[in-house]
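Single-structure report; data block below.
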Amino acid sequence: MYNETVLDHFQNPRNTGEIADASGVGSVGNPACGDMMKLYIKVVDGRLMDVRYKTFGCAAAIATSSIASEMVKGKTVEQAEQLTREDVVEALHGLPEEKVNCSTLAPDAIRAAIANYSRSRSSG
Ligand code: FES
Numbered sequence: 011m012y013n014e015t016v017l018d019h020f021q022n023p024r025n026t027g028e029i030a031d032a033s034g035v036g037s038v039g040n041p042a043c044g045d046m047m048k049l050y051i052k053v054v055d056g057r058l059m060d061v062r063y064k065t066f067g068c069a070a071a072i073a074t075s076s077i078a079s080e081m082v083k084g085k086t087v088e089q090a091e092q093l094t095r096e097d098v099v100e101a102l103h104g105l106p107e108e109k110v111n112c113s114t115l116a117p118d119a120i121r122a123a124i125a126n127y128s129r130s131r132s133s134g
C-alpha cells in the first residue's frame, strides 16, 4: 500500500536525532492516534542549517518526517514555514488516502519549532 519512496524514507529515515544546542524545538501530537513528533532546528543567518527529529508513529508519520526534514534543511525560516502537508505528500509521490492525515505532523512540528525559535529571539 505504500509506494517505494515512502518505504525508503520509513526504512531509512533521514536526519533523525536531536540537536543539543537547538535554536528552536517543537512538539506536536496527532490527537486521532496519539502519535508524536519532536523536532529540533538550528538556525544560522536566518536559515535552517540543521533539522533533527524523533517521531513515534506509523510508517507514514516517519516517512513524512524524514522527507519534510530534507525539504526544509538549508531553507530560510520563512520558506520552511510555508511547507504544507500537500507538499510533503507530493514529494513522497502520494500516500494512501487513510494516511494523508499523518502528513500533518511534520509541517506542524516545523512551524512549532520556528514559533519557539521566534519567541526565544523576541524575549532576547
Ligand atoms: Fe498516527 Fe499515522 S497513524 S500519524
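If you count the sequence shown from 1, position 96 lands on 106 in the working numbering, and the numbers rise without skipping.
We put the beta carbon where it would ideally sit given N, CA and C, even for glycine.
Three-state secondary structure assigned by DSSP to residue i
{"i": "L58", "result": "strand"}
{"i": "M11", "result": "coil"}
{"i": "T74", "result": "helix"}
{"i": "L105", "result": "coil"}
{"i": "Q21", "result": "helix"}
Paired residues, beta bridge with residue i - DSSP
{"i": "K52", "result": "D60"}
{"i": "M47", "result": "V38, T65"}
{"i": "T26", "result": "Y63"}
{"i": "T86", "result": "R57"}
7 Å Cβ shell around residue i - same chain, five flanking residues per side excluded
{"i": "A78", "result": "L93, V98, A116, P117, I120"}
Contact set for residue i: own chain, Cβ-Cβ below 8 Å, skip 5 residues either direction
{"i": "M81", "result": "L93, D97, V98, A101"}
{"i": "N40", "result": "M46, G67, A71, N111, C112, T114, L115"}
Where the alpha helix (DSSP H) through residue i begins and ends
{"i": "A5", "result": "Residue numbering for the chain in the displayed model covers 11 to 134; residue 5 lies beyond these limits and cannot be assessed."}
{"i": "S128", "result": "115-132"}
{"i": "V98", "result": "95-101"}
Contact set for residue i: own chain, Cβ-Cβ below 6 Å, skip 5 residues either direction
{"i": "V16", "result": "A73, L102"}
**OP:** Assess, as a yes-or-no matter, whether the region 22-34 is touched by the region 102-109 under the definition of 3 or more beta carbon pairs within less than 8 Å.
**Re:** no
Original post:
Looking at C-beta atoms only, is the number of pairs between the region 36-55 and the region 112-131 that lie closer than 8 Å three or more?
Top reply: yes
Original post:
Does the count of Cβ pairs from the region 16-26 and the region 52-72 closer than 8 Å reach three?
Top reply: yes
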